[in-house]
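Engineer:
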Amino acid sequence: MKKKALLTLCLTLATLSIHAQGPNGSKTYYQLADGKRGAALKTILHTIISKKKNSPSYDDLLELYEKTDTRPDGYVRDWYSNITHFTHIKDKAGTYKKEGDVYNREHTVPQSWGSPKSDIMHVVPTDGYVNNRRSNYPFGEVGTVTYSSANGYSKLGTCKTPGYSGTVFEPNDEVKGDIARIYFYMATCYEGTCHTWGNKVFTGTAYQPMAQWAFDMMLRWSKLDPVDDVEIARNNAIYQDNVQGNRNPFVDYPGLEDYIWGDKKEVYFSYDHYDSGDVDIVERVAQPVFSPAGGTYTDSVEVTITTATAGATIYYTVDGTDATTNSLLYKAPVKLKANTTLKAIAVNDTLKASYQATANYIIKESGGVVTPTDATIALNNTLFGTNYTGSISDKNDLTGTSNGITVVYSLGSGANRYCNNSQIRIYQGNQLTFSIEEGNLTRLEFTVPQNKDKTLQADNGTVTTYVWEGNAPSVTFSVNSGSGHLQLSSVKATVAVEGPAPAPKGDVNGDNTVDVADIAAIISYMAGLYGSVEQQQADVNNDKKVDVADIATVISIMAGR
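Residue numbers for the sequence shown follow my numbering, beginning at 7 and rising by one.
#1: In three-state DSSP terms, what is residue 48?
#2: For residue 173, I'd like the list of residues in its chain whose CB is within less than 6 Å of its CB, leaving aside the five on either flank, ordered along the chain.
#3: When you compare only the Cα positions, how much space is there between residue 387 and residue 259?
#4: Pick helix, strand or coil for residue 262, following the three-state DSSP scheme.
#5: Three Cβ pairs or more, each shorter than 8 Å: is that satisfied between the stretch 85-98 and the stretch 128-139?
#6: Quick check: the stretch 260-272 against the stretch 64-75, are at least 3 beta-carbon pairs closer than 8 Å?
#7: Are the beta-carbon atoms belonging to residue 543 and residue 368 less than 9 Å from one another?
#8: May I have the straight-line CA-CA distance separating residue 531 from residue 78, to the nearest angstrom?
#9: Report yes or no: do the stretch 296-306 and the stretch 277-285 share at least 3 C-beta pairs separated by less than 8 Å?
#10: With which residues is residue 111 paired in a DSSP beta bridge?
#11: Looking at C-alpha atoms only, which residue of 48, 525, 529 and 70 is the closest neighbour of residue 248?
#12: Closer than 6 Å by C-beta to residue 233: which residues in its own chain qualify, once you throw out the five before and the five after it? Chain order, please.
#13: On the three-state DSSP scale, how would you describe residue 199?
#14: Consult DSSP for residue 450 and reduce its assignment to one of helix, strand or coil.
#15: Along the beta strand (DSSP E) that carries residue 175, what are the first and last residues, could you check?
#16: Does the structure place the stretch 267-276 close enough to the stretch 39-53 that three or more beta carbon pairs sit under 8 Å?
#17: With a 10 Å radius around its C-beta and 16 neighbouring C-beta atoms as the bar for buried, classify residue 269 as buried or exposed.
#18: Which ranges does the beta strand (DSSP E) cover as unbroken runs of at least 3 residues, wholly within the stretch 166-251, from first to last along the chain?
#19: Can you give, in chain order, each stretch of the alpha helix (DSSP H) that sits fully within the stretch 53-102 and has at least 4 residues?
#20: In angstroms with no decimal places, state the Cα-to-Cα distance between residue 459 and residue 564.
#21: Entirely within the stretch 264-307 and at least 3 residues each: give me those beta strand (DSSP E) ranges in chain order.
#22: At a cut of 8 Å, does the stretch 93-100 reach the stretch 117-128 through at least three beta carbon pairs?
#23: Are the CB atoms of residue 363 and residue 295 nearer to each other than 9 Å?
#24: For residue 366, name the three-state secondary structure that DSSP assigns.
#25: Could you pull the DSSP bridge partners for residue 153 from this structure?
#26: In this structure, does DSSP put residue 514 in helix, strand or coil?
#27: Alpha carbons only, please: which of 558, 252 and 204 is nearest the one belonging to residue 62?
#28: Taking its Cβ as the centre, do 16 or more other Cβ atoms sit within 10 Å of residue 218, making it buried, or is it exposed?
#29: Look at the alpha carbon of residue 553 and the alpha carbon of residue 562, and state the distance between them as a whole number of angstroms.
#30: Would DSSP call residue 549 helix, strand or coil?
#31: Using DSSP with H/G/I as helix, E/B as strand and the rest coil, what is residue 357?
#32: Go ahead and pull the three-state DSSP assignment for residue 36.
#33: Which of helix, strand or coil does DSSP assign to residue 531?
#34: Tell me which residues share the same chain as residue 335 and place their Cβ nearer than 8 Å to its Cβ, disregarding the 5 neighbours each side in the sequence.
#35: Report yes or no: do the stretch 188-198 and the stretch 209-217 share at least 3 C-beta pairs separated by less than 8 Å?
#36: Rounded to the nearest angstrom, how far is the Cβ of residue 161 from that of residue 181, given a contact under 8 Å?
What follows is the structure, given as structure tokens:
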């Protein structure tokens with residue numbers, strides 16, 4: 007059911023590429039992915055395929071289509087129509103009134119969503135009129151048809167795919183698998199950003215960026231329409247240095263999506279032992295294990311290296327280079343007194359050498375510098391300042407204690423109807439959160455004694471946090487309008503505790519400097535070198551994940567921004 011003669015690229019296209027088709031001719035291209043699995047496999051593939059040898063412009067694509075999308079009859083391959091006979095360049099984008107007038111450049115992931123404008127892997131030639139009818143609707147499976155191209159080749163209408171009920175565009179079965187593998191490519195090449203493109207499709211996470219309904223559909227389409235010679239030839243053409251110079255691994259390794267997101271994500275990928283969607287199991291020595299695992303330690307750490315394969319010999323390095331049989335022979339626990347990248351392999355006489363094991367150990371000197379920690383003190387939702395007209399001394403000195411931190415809430419006395427000049431006294435810490443939760447209170451203001459020029463206010467229903475330098479002895483706030491009351495439900499204080507000196511922001515590898523070595527450490531973590539850096543250190547921008555955004559943050563710090 008694949009593309010038949012109409013969608014078979016001319017034989018000369020296949021022979022023009024100096025690179026053989028598929029992984030057998032591109033082994034070194036994917037070598038870094040060897041032994042990876044799941045999310046780590048996806049991230050290292052991102053590192054590989056995002057490096058393009060050429061960055062064609064949007065205008066360049068029209069000429070490049072002669073290399074990537076030419077039918078055997080010499081006309082432009084049209085992804086959305088099967089009645090067109092477009093001549094390259096001559097019939098390029100222009101005025102159209104009907105199907106068959108001109109061809110255009112179609113972003114399979116609409117550019118209005120945020121996708122790259124000229125990545126030829128996903129910008130394909132299509133009939134201009136049909137392209138316009140597709141607009142920026144998601145791909146989907148159509149129930150009620152509102153438009154179809156000639157011969158019903160492409161359709162627009164209401165979605166019947168479970169999980170989505172809007173308008174969708176359904177390409178022909180002959181290209182559904184091609185499009186699915188393009189979407190897998192986009193999810194990998196643009197890891198870290200594509201999950202923000204939205205539009206009911208790219209709304210997931212950096213690991214799996216598509217909405218579940220769209221992702222499940224693409225998995226079905228990839229199996230419905232498997233890789234064929236047309237797709238392989240297009241991938242090889244794109245790989246040429248003067249086109250774009252990168253590849254789509256989901257074309258080179260059919261079924262690769264299962265190793266990243268599916269039922270094979272616990273299976274180690276082998277770039278050179280892969281056939282028809284299956285990794286040939288190569289018997290290897292078990293990968294070495296470090297104990298304790300990589301991380302941050304004080305003064306020194308003693309690391310034991312073991313392997314589950316009986317009788318295997320272990321070799322290791324402490325300089326960050328890959329371990330080989332020429333490296334240090336492991337005989338006893340390795341004592342580390344400085345920051346070290348430890349690598350090891352295990353070998354024996356009958357099995358293939360183990361996968362490389364890597365861990366990064368950060369050694370901190372013990373010291374008396376402070377690190378912040380958080381504590382929240384509940385004050386039992388006590389209501390303060392509810393239209394008092396007389397003395398309110400009976401409400402004085404309400405105290406909350408948590409983790410050894412004491413906060414005293416002291417109300418003023420006398421005829422202070424709106425509780426003016428009441429205090430919260432924090433004996434340690436430098437952060438306080440107030441919330442206005444009910445009543446007719448319109449504004450809450452408080453000032454910090456050490457920073458009298460700074461006044462913070464919160465509107466009704468909001469939560470406000472103020473951070474000041476040093477350990478402020480008190481914070482004064484005033485309820486200065488309205489006749490309601492203030493509910494102070496908790497105080498959040500950041501307190502000082504003993505611990506090692508904090509590394510500068512961006513110092514991922516713990517050497518007290520921020521440089522390219524920190525970027526390398528983040529890439530190592532993203533590549534699945536488990537234990538190479540702690541996530542807390544690699545998560546430079548504090549968004550609870552480690553991705554390319556952290557690399558960008560380190561670059562900004564290095565640039566002094």
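Every residue, glycine too, gets a C-beta built ideally from N, C-alpha and C.
Structural biologist: Result, derived from the coordinates:
#1: Position 42 of the sequence shown, counted from the start, is the residue given in the question as residue 48. In this structure, residue 48 counts as helix in the three-state DSSP scheme.
#2: Here residue 173 corresponds to residue number 167 of the sequence shown, with the count starting at 1. So the qualifying residues of the chain are 143.
#3: Residue 387 sits at position 381 when you count from the first residue of the sequence shown. Residue 259 sits at position 253 when you count from the first residue of the sequence shown. Because the pLDDT at residue 387 is just 32, under 50, the model does not fix this residue reliably, and the value given afterwards should be weighed accordingly. Each residue's alpha carbon lies about 59 Å from the other.
#4: To locate residue 262, count along the sequence shown from 1; it is residue 256. It is helical.
#5: yes
#6: no
#7: Counting from one through the sequence shown, the residue named residue 543 turns up at place 537. Counting from one through the sequence shown, the residue named residue 368 turns up at place 362. Going by C-beta atoms, residue 543 is nearer than 9 Å to residue 368.
#8: Locating residue 531 in the sequence shown gives position 525, where the first residue counts as 1. Locating residue 78 in the sequence shown gives position 72, where the first residue counts as 1. Taking the straight line joining both Cα atoms gives about 46 Å.
#9: no
#10: What you label residue 111 is simply residue 105 of the sequence shown in a count that begins at 1. Residue 111 pairs with 131.
#11: Locating residue 248 in the sequence shown gives position 242, where the first residue counts as 1. Closest option to residue 248, Cα to Cα, is 70.
#12: Counting from 1 along the sequence shown, the entry for residue 233 is found at position 227. Result list for residue 233: 257 and 260, in chain order.
#13: The count along the sequence shown starts at 1 and reaches residue 199 at position 193. DSSP places residue 199 in coil when its eight states are reduced to three.
#14: Residue 450 sits at position 444 when you count from the first residue of the sequence shown. Residue placement at residue 450 is flagged as unreliable, the pLDDT there being 38, under the threshold of 50; the coordinate-derived value follows with that caveat. In this structure, residue 450 counts as strand in the three-state DSSP scheme.
#15: Here the question's residue 175 lines up with position 169 in the sequence shown. It spans 173-176 - the beta strand (DSSP E) in which residue 175 sits, taken as one unbroken run.
#16: yes
#17: Looking up residue 269 in the sequence shown gives position 263. Answer is exposed; the Cβ neighbour count stays below 16.
#18: 173-176
#19: 66-74
#20: For the purposes of this step, residue 459 is taken as residue 453 along the sequence shown, with counting starting at 1. For the purposes of this step, residue 564 is taken as residue 558 along the sequence shown, with counting starting at 1. In this prediction, residue 459 has a pLDDT of 39, which is less than 50 and means its spatial position is unreliable; nothing more can be read from the coordinates.
#21: 295-297 and 301-304
#22: no
#23: For this step, residue 363 is matched to residue 357 along the sequence shown. For this step, residue 295 is matched to residue 289 along the sequence shown. Closer than 9 Å, so yes.
#24: Position 360 of the sequence shown, counted from the first residue, corresponds to residue 366. The answer is strand: DSSP assigns residue 366 an E or B state.
#25: As a first step, residue 153 must be located in the sequence shown, where it is residue number 147. 162.
#26: Working through the sequence shown from its first residue, we reach residue 514 at position 508. Reduced to three states, the DSSP call for residue 514 is coil.
#27: Residue numbering aside, residue 62 sits at position 56 when the sequence shown is read from its first letter. Of the candidates 558, 252 and 204, the one whose C-alpha sits nearest the C-alpha of residue 62 is 252.
#28: The residue you call residue 218 lines up with position 212 of the sequence shown. It is exposed - the Cβ of residue 218 has fewer than 16 other Cβ atoms within 10 Å.
#29: In the sequence shown, residue 553 corresponds to position 547, counting from 1. In the sequence shown, residue 562 corresponds to position 556, counting from 1. Each residue's alpha carbon lies about 15 Å from the other.
#30: For the purposes of this step, residue 549 is identified with residue 543 of the sequence shown, where counting begins at 1. Three-state DSSP puts residue 549 in coil, outside helix and strand.
#31: Within the sequence shown, the letter at position 351 stands for residue 357. Coil.
#32: Along the sequence shown, read from residue 1 onward, the residue named residue 36 stands at position 30. Residue state, collapsed to three classes: helix.
#33: Taking the sequence shown and counting its residues from 1, one reaches residue 531 at position 525. Correct three-state label for residue 531: helix.
#34: Here residue 335 corresponds to residue number 329 of the sequence shown, with the count starting at 1. The answer, listed in chain order, is 319, 320 and 321.
#35: yes
#36: Against the sequence shown, residue 161 aligns to sequence position 155. Against the sequence shown, residue 181 aligns to sequence position 175. Their Cβ separation, rounded to whole angstroms, is 13 Å, which puts residue 161 and residue 181 out of contact at 8 Å.
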